[in-house]
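Okay, so here's the structure we're looking at.
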Amino acid sequence: MLETYLRVLSTHRGAGGADGAGRADESFSVGEALRGQGVQRALAASATRAAARDSQLSAIVRQEQDIDRRISGLFGSLAAALSLAPSQRDDAAIERLRAEADALRTARQVLHGEIQASFPDYAKLLSPGPVAANEVRAALAPGETLVAYYTGERETFVWAVSPGRPTAFAAISLPSSEAQRIAGQLRAALDPQVQFLGDIPEFNVALAHELHEMLLRPVESGWSGARSMFVVPHGPLAQVPFAVLVSRPSVLGREIEGRPLFSPYRAVSWLARDVALAQLPAAAALPMLRRIPPASASRQAFLGFGDPVFGTAALVPTVAQDTVVARGGVSVATRAARLVRRNVPATSGLSTAQLASLPPLPDTAEEVRSIAQALGADPVNDVRLGTAASERSVRDADLMRRKVIMFATHGLVPGDLDGLTLPALAMANPHSSDVGDDGLLTMDEVFALRMDADWVVLSACNTASGNGDGAEAISGLGRAFFYAGTRALLVSNWPVETTSARELTTDLFRRQAAAESPSRAEAMRETLVAMITEGGLTDPSTGRTVFSYAHPIFWAPFVLVGDAGRQ
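Right, here's the structure in full:
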């Protein structure tokens, strides 16, 4: 019904003056109502706690929100128990679940009364409803714009909101099925199931330009001239980072003997060159994030976890020494070189897969150390590697006092390991004496963490994955970290190539640590442009750049999600 209403509004959007602008603004709120809201609710919860300001009140708000989550979990368990046949039901267990839920609801009512007395705007902040275009416009800084999408069965709707100009609104002939087809074609070159550099598919530059023209040109009046763009994707559009769209017609030149592999991609007019990009799960997320007060200036710069000890390298593929792309003096045979990706092995075909089955990640140790050095962190106390990169170490750390928190490890989705039912980060294999530590930092455990971070970096594969239904742009672990209290996330959308990933994240935070550091989004843009124009793997034996990082498989996996404009 709402999609039909959007279609009607788009038909009449040509009316000039206040009437046309009013229809565009009205349609914007309708589009917000249609998009998924899971991450938005997590952001609202975090922003509400921060807005409470008083530490005791903020703790009570957190307690009430945690009780809400526990009640939801209990009702899920209760529904599962009641769905069993009468002969299979455990009536005593059902009564225990009901009693626990009743007790929690009573406790929640008491807490809610305390909160309402001291914080009357609590309910409005926590459940703000669809955001109005004017609220988004007020939250945007000069030079910023927000472009939002809703992909329907018959067409896609797009809005562009910027300070000082009316909302641009258009309906484009891009049904969800066609958007899925295009996203799949572009994604095929970004997440290919190949082992060697020479087998990486050519990225369809012409199709990426065609998609740019479809998605951005109809609302150009609403975003032109912006230096920073927030993107709110929807459905299949969330599968392809907007950085890989091509803003001007580009022809991919042929590879030339003697030049680094993938050099022709350096001349492509990527959108990443033109504008600093950040992604939001919903337009309402921007006003929420910018209501969060500035963090304490006394926080320490960094805390990083990486290279966890899983226990065995049984699933690490063995490769010929002369074809591995790696550091340490290994010569490289370019097209035959193996593509070393920081990836979780395909465990679905195994009869059993435990934490110890995961391949080690030695390259992440160097990545964590490099970022710690760039941010001026303590290389001993602020870096947790090997057995120290444990679930217990995360729980015991004072995360409220860290600006940047990094997890450089495998990102797992349900089914990757035996019994894994939630997205998780793989941490060090625990000792048998570590009660409550199973080596997996799951989504529900992240919800329980408390942070006041500017960035959380998830330098692992699959960390932007959700439940696979495409309903929200960022789900799973991203939702949990926003709830825990971060202003921005750096997440990967597909398994990353290990050396380029380390160079990208290290350069990004080196730019952030500069005396006159740019915004998060601008630092990201500068890093990507440097990767495209200058980056590449160098053969240490000759000093020659063997292949360029200009192919988007190397520079585009990471996406900045959240508030891009502040440190």
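For what it's worth, the numbering used here labels the leading residue of the sequence shown as 48, then goes sequentially.
Just so you know, even glycine gets a beta-carbon here, dropped at the ideal spot from N, CA and C.
The structure displayed is predicted, hence computed values, not measured ones.
Query                                                                                                                                                                               : Result
Of all Cβ atoms in chain C, is any one closer than 8 Å to the Cβ of residue 430?                                                                                                    : This model lacks chain C altogether; it includes just one protein chain.
Are the Cβ atoms of residue 491 and residue 469 separated by less than 8 Å?                                                                                                         : yes
Just list the alpha helix (DSSP H) runs in the region 206-256, keeping only unbroken ones of 4 residues or longer that don't cross its boundaries, in chain order.                  : 223-235
Are residue 472 and residue 402 touching if we call contact CB-CB under 8 Å?                                                                                                        : no
Could you give the residue range of the alpha helix (DSSP H) that holds residue 334?                                                                                                : 332-338
Do the CB positions of residue 309 and residue 494 come within less than 8 Å of each other?                                                                                         : no
What whole-angstrom Cβ distance do residue 33 and residue 158 have, given they're in contact under 8 Å?                                                                             : In the structure as shown, the chain starts at 48 and stops at 614, and residue 33 therefore has no counterpart that could be examined.
Quick check on the DSSP output: what are the complete alpha helix (DSSP H) runs of length 4 or more inside the region 424-489, in order along the chain?                            : 438-443
Using DSSP's beta-bridge definition, name the partner residues of residue 276.                                                                                                      : 192, 324
Give the DSSP-derived three-state secondary structure of residue 351 in the structure shown.                                                                                        : strand
By how many angstroms is the C-alpha of residue 604 removed from the C-alpha of residue 503?                                                                                        : 16 Å
Would you call the CB atoms of residue 259 and residue 197 closer than 8 Å?                                                                                                         : no
Determine the DSSP secondary structure at residue 612, reduced to helix, strand or coil.                                                                                            : coil
Let's see if you can read the secondary structure: which residues bound the alpha helix (DSSP H) around residue 143?                                                                : 138-165
For residue 197, which of helix, strand or coil comes out of DSSP?                                                                                                                  : strand
Tell me whether residue 135 is buried or exposed, calling it buried when 16 or more other Cβ atoms sit within 10 Å of its Cβ.                                                       : exposed
Give me, in chain order, the residues of the same chain whose beta-carbon lies closer than 7 Å to that of residue 381; leave out the 5 immediate sequence neighbours on both sides. : Interpretation of residue 381 is limited by its pLDDT of 45, a score under 50 that renders its predicted location unreliable; the figure taken from the coordinates is listed afterwards. The answer, listed in chain order, is 244, 308, 593, 594.
From the DSSP output, in three-state form, read off residue 502 for me.                                                                                                             : strand
Would DSSP call residue 296 helix, strand or coil?                                                                                                                                  : coil
Can you tell me which of the three DSSP states residue 378 falls into?                                                                                                              : Confidence at residue 378 is low in this model, with a pLDDT of 31, below 50, so the placement of that residue should be treated as unreliable; the coordinate-derived value is given next. The answer is coil: DSSP assigns residue 378 none of H, G, I, E or B.
State the Cα-Cα distance for the pair residue 73 and residue 298, rounded to the nearest angstrom.                                                                                  : 40 Å
Does DSSP put residue 367 in a helix, in a strand, or in coil?                                                                                                                      : Low confidence applies here, because residue 367 scores a pLDDT of 33, under 50, leaving its location unreliable; read the following figure in that light. Residue state, collapsed to three classes: coil.
At which residues does the beta strand (DSSP E) containing residue 593 begin and terminate?                                                                                         : 591-595
CB residue 78 to CB residue 204, shorter than 8 Å?                                                                                                                                  : yes
I'd like to know whether the C-beta atoms of residue 474 and residue 456 end up nearer to each other than 8 Å.                                                                      : yes
Under 8 Å, do residue 497 and residue 532 count as touching if we go by C-beta distance?                                                                                            : yes
For residue 255 and residue 231, I'd like the C-alpha separation in whole angstroms.                                                                                                : 12 Å
Does DSSP put residue 537 in a helix, a strand or coil?                                                                                                                             : strand
If you drop the 5 nearest sequence neighbours on each side, which residues of the same chain put their C-beta closer than 7 Å to that of residue 227?                               : 283
Between residue 235 and residue 222, which are expected to be in contact by the criterion C-beta below 8 Å, what is the C-beta distance as a whole number of angstroms?             : Incorrect: roughly 20 Å between the Cβ atoms, too far for contact.
Along the chain, where does the beta strand (DSSP E) containing residue 583 start, and where does it finish?                                                                        : 583-586
In chain order, what residues of the same chain lie with their CB nearer than 7 Å to the CB of residue 107, ignoring the 5 residues before and after it?                            : 158, 161, 162
What does the alpha-carbon distance come out to for the pair residue 56 and residue 69?                                                                                             : 10 Å
Kindly identify the DSSP beta-bridge partner or partners of residue 204.                                                                                                            : 197, 218
With distances taken from CA atoms, which of 199, 183, 556 is nearest residue 53?                                                                                                   : 199
Could you check the C-alpha separation between residue 606 and residue 542 for me, to the nearest Å?                                                                                : 13 Å
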